[in-house]
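S.K.:
Residue numbers (our numbering): 2 to 638.
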C-alpha cells in the first residue's frame, strides 16, 4: 500500500510546487521560483499558514496590489522565456478580482503564471460570506468564474483530493509551448484548511519535458518549394522565435539567403538591432525600413507571430496581389492565419532544419536591405535631434493650433523637451545590456521604432494586451529574473497613475528598478488618436477645474516612498540623472516633463479604429471616408 502523508490542501499545494521541475535542451531546473501574495480572508489561514510553516525553496514576496504583483509574475516568466514562473495568491472577492486584468495580460501574451484566487466556502455553511456575490440563478457562481475567459486552464477545488488532478493538468498547460498561459485554480477557503491523507508519491520530484517539435518532411519540403520560388521573402520575427531562442538560426538563415528580418513587439531583441539584415519593428509601430520591405515582399514568413492588427497594419500592410504567407508556429491555430502554408514546430528547430535545404538560395533584395537600413538611421537621428523653443517651432508643425498647445504646455510644465529626443537620449546613455520595459500609451511606438537593443532579450514590450499599469510592476518581475542587469520602466504619467504600487515592493525587497516617467500631463496617445481622426481635444488632457494644465510633482511622490528621484527637463539634465542613477543601489525615478505631439508617428502604416460613420463635424466625416478607402486594401483572414 502506498505510503500516506496527512496535509491540509494548502500544505499539499506548497509541497507540490516545490517539486516541479522543467527540462529544456537537457538542462533541468525548478519551474516555480516563488509566490507573490496579498493575504486576506480566504488565503491567509490556508496558503499563508502553509507558507509560514514550510515554504521550501519558494521565494515568498508580499505584493501591494493584486493586479500589480500578478503583472510582476507575468513579466518574470516572460523575461525567463517562459521557463520559470511565480504563483500568485489573493483573498476571496475583490482581492482575487483584482488579478483579472493581469490574468488577461498573461493570456494575450501566452505567458504561464499560476493564479490561486481564494473562493467561497465549499460547505456553504456561513453563506453569504464576506465579499461573496449572490446570484439568484445559481449558488455555484462566484467572483472567480470571471477568470474562465482569461485562463488557459481553470478549475475550482472544493475537496482536498481534487487538488491532485487539478495541479497536474495546470502544469501540463503551463509547460506546453503550444498552449501555455495562465492557469487558475480557485480553492474554497474552508478546503484550503481541510486535511487529507495524500499519497506520498504525489510529492516526488516531477520533471516536465519541453521537447522541440520538428515539422514533418512534407511541411519542410513545402516550405523550401515556396521560399525558393519567391524573390523577396521577408521574415516576421514574433515572440515564439524569442521564446524558442532562435537567434543564431535566424542570423544564419538571413545571412545565407539575404532575407530581411522585421520584428513584432514580442519578437524584438531576439536578434540585436545592429545585425545587418534586421530592419526593426513592423506595422503600425514599425520603422519605415521594415514597412517598405513588407510592402515589397512576395512571401511573408511569420515565425511565432499572432499577426495582431498592429503587426499587419489592420491587414493593410501587404500587397495581396503578390504576397503569399508561410507560417512557422507550435500552435496550429496561429499557423493557419492568412491562409498560410503551415509548419507546425518549434521556431529554432524548424529554421535549423531549413538552413541546409536552402543552401543554394538567394533573394533578389541585394543592396536594398542596406539602403533601407541606412535610410531609417538618418530618420532616427533626425527624431533624436529635434528641439523646441517658442521662437523655433518644430519644422513639421505648420498649424497655429498645435503651436499654441505647445506654448501652453511649455509654460505650465516649464520644459522644452521633445519626447523623441528624450527617448533617444536614454537609449544612447544606458548600458548596452540594460533591459527596457514598456506597455501602453505613445511610448510603445517610440520603443518599437527607435529603441535599438544591442544585446538579445533586453527589450520587453507588453503589447499583446497593452495594459496600462504593467510597466512598473513588470520592471520588478524583470529585475527578479535578471538581477545583475539594470532595468528601466518607460512609463507615461497616465500609466503611472494607473498603477505603481509595486515600486514599494521593489524598495522593500531591495530590487533596484529605474522608472523613466515621461509626463505630458494627459493621455497623450489617445489625444492624438481622437484629434487625428477629426475630433477635438476632449477629456484626454489633465486639466484642473480652471482648465489649467496640471503640473504634478511625480519625483516627490517617488521620493516619499523612499526612491531616489530626479527632475530632468533638458537633455543635459537627463544625461546627468541617468549617470547618477547607475550609481544608486535603490530604485530611482527620473521625471521628464515632455511636450505633447512630440512622439514619433506611423510610417507607411494604418490602424483601423472605428471612426464615426455619422457626424456633424466635417473633419470626422473626412476621417471616416479615409478609413473606408483603407479598408478596401484589407483582406479578411
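Idealized CB from N, CA, C, for every residue including glycine.
Name the one or two DSSP bridge partners that residue 468 has.
M.R.: Looking at the DSSP assignment, residue 468 forms no beta bridge with any residue, so it has no partner.
S.K.: What would DSSP say about residue 303, mapped onto helix, strand or coil?
M.R.: Correct three-state label for residue 303: strand.
S.K.: Helix, strand or coil for residue 492, going by three-state DSSP, please let me know.
M.R.: Residue 492: strand per DSSP, three-state reduction.
S.K.: Who does residue 211 pair with in a DSSP beta bridge?
M.R.: DSSP lists 25 as partners of residue 211.
S.K.: Restricting to runs no shorter than 4 residues, where is the alpha helix (DSSP H) found entirely within the region 24 to 91?
M.R.: DSSP runs (the alpha helix (DSSP H)) wholly in the region 24 to 91: 48 to 54, 67 to 80.
S.K.: Quick test of the definition: if touching needs 3 or more C-beta pairs under 8 Å, does the region 484 to 504 touch the region 308 to 318?
M.R.: Verdict: no, contact absent.
S.K.: Assuming residue 355 and residue 327 are in contact, meaning their beta carbons sit under 8 Å apart, how far apart are those beta carbons, in whole angstroms?
M.R.: Not really, about 10 Å apart at Cβ, beyond 8 Å.
S.K.: Inspect the CB distances between the region 234 to 243 and the region 269 to 279 and report whether three or more fall short of 8 Å.
M.R.: In short, these stretches touch, since the Cβ pair count reaches three.
S.K.: For residue 521, which of helix, strand or coil comes out of DSSP?
M.R.: Coil at residue 521, not helix or strand.
S.K.: The alpha helix (DSSP H) spanning residue 357 covers which residue range?
M.R.: Per DSSP, residue 357 belongs to the alpha helix (DSSP H) from 348 to 358.
S.K.: Find out if the Cβ-Cβ distance for the pair residue 593, residue 575 is shorter than 8 Å.
M.R.: Yes.
S.K.: DSSP three-state label for residue 309, please.
M.R.: Three-state DSSP puts residue 309 in coil, outside helix and strand.
S.K.: Compare the beta carbon distance of residue 36 and residue 79 with 8 Å and say whether it is the shorter of the two.
M.R.: The answer is no: Cβ separation not under 8 Å.
S.K.: Starting from the C-beta of residue 142, find all residues in its chain whose C-beta is less than 6 Å away, skip the five residues before and the five after it, and write them out in chain order.
M.R.: Excluding residues within five positions, the ones whose Cβ falls inside 6 Å are 136.
S.K.: Is the number of C-beta pairs between the region 179 to 187 and the region 147 to 155 that are closer than 8 Å three or more?
M.R.: Contact between the region 179 to 187 and the region 147 to 155 is present, because at least three Cβ pairs lie under 8 Å.
S.K.: How about the region 327 to 336 and the region 357 to 370: do they share at least three Cβ pairs that are nearer than 8 Å?
M.R.: In short, these stretches do not touch, since the Cβ pair count stays below three.
S.K.: Might you give, ordered along the chain, the residues of its own chain that have their beta carbon closer than 6 Å to the beta carbon of residue 231, omitting 5 neighbours on each side?
M.R.: Contacts found: 299, 300.
S.K.: Is any heavy atom in the ligand MN found nearer than 7 Å to the beta carbon of residue 343?
M.R.: The ligand content of the structure shown is nil, which means the ligand MN is not present either.
S.K.: So what does DSSP say about residue 541, is it helix, strand or coil?
M.R.: Correct three-state label for residue 541: coil.
S.K.: Just the Cα atoms here: how many angstroms apart are residue 467 and residue 478?
M.R.: Whole-angstrom Cα-Cα distance: 17 Å.
S.K.: Going by C-alpha distance, which of 425, 296, 225 is nearest residue 572?
M.R.: Measuring from the Cα of residue 572, the nearest candidate turns out to be 425.
S.K.: Does the Cβ of residue 471 have 16 or more other Cβ atoms within 10 Å, making it buried, or fewer, making it exposed?
M.R.: Classification for residue 471: buried.
S.K.: Using the Cα positions of residue 286 and residue 530, report the straight-line distance between them to the nearest angstrom.
M.R.: The straight-line gap from Cα to Cα measures roughly 14 Å.
S.K.: Could you tell me whether the Cβ atoms of residue 9 and residue 158 are closer together than 8 Å?
M.R.: Not in contact: residue 9 and residue 158 (Cβ atoms no closer than 8 Å).
S.K.: Considering only DSSP beta bridges, list what residue 187 is partnered with.
M.R.: Beta-bridge pairing links residue 187 to 157.
S.K.: Buried or exposed for residue 503, going by 16 or more other Cβ atoms inside 10 Å?
M.R.: Result: buried.
S.K.: Name the DSSP beta bridge partners of residue 460, please?
M.R.: Residue 460 is bridged to 437.
S.K.: Given residue 570, which residues of its chain have a CB within under 6 Å of its CB, disregarding the five upstream and five downstream residues?
M.R.: For residue 570, where only same-chain residues beyond five positions count, the Cβ hits under 6 Å are 416, 418, 594.
S.K.: What residue from 344, 77, 412 has the CA that sits closest to residue 86's CA?
M.R.: The option with the nearest alpha carbon to residue 86 is 77.
S.K.: Under 8 Å between C-beta atoms, does residue 295 make it to chain D?
M.R.: Considering every chain present, this structure includes no chain D. It has just one protein chain.
S.K.: Could you give the DSSP three-state label for residue 264: helix, strand or coil?
M.R.: If DSSP states are grouped into helix, strand and coil, residue 264 belongs with the strands.
S.K.: Counting pairs of beta carbons, one from the region 501 to 515 and one from the region 580 to 590, are three or more of them closer than 8 Å?
M.R.: Result yes; three or more Cβ-Cβ pairs closer than 8 Å.
S.K.: Tell me the rounded alpha-carbon separation between residue 18 and residue 33.
M.R.: Looking at the two C-alpha atoms, the distance is approximately 6 Å.
S.K.: Between residue 315 and residue 635, is the Cβ-Cβ spacing less than 8 Å?
M.R.: Their beta carbons are under 8 Å apart, which means residue 315 touches residue 635 by this criterion.
S.K.: How many Å lie between residue 613 and residue 633 at the Cα?
M.R.: If you take the alpha carbons of residue 613 and residue 633, they lie about 17 Å apart.
S.K.: Where does residue 177 sit, in a helix, a strand or coil, going by DSSP?
M.R.: Reduced to three states, the DSSP call for residue 177 is coil.
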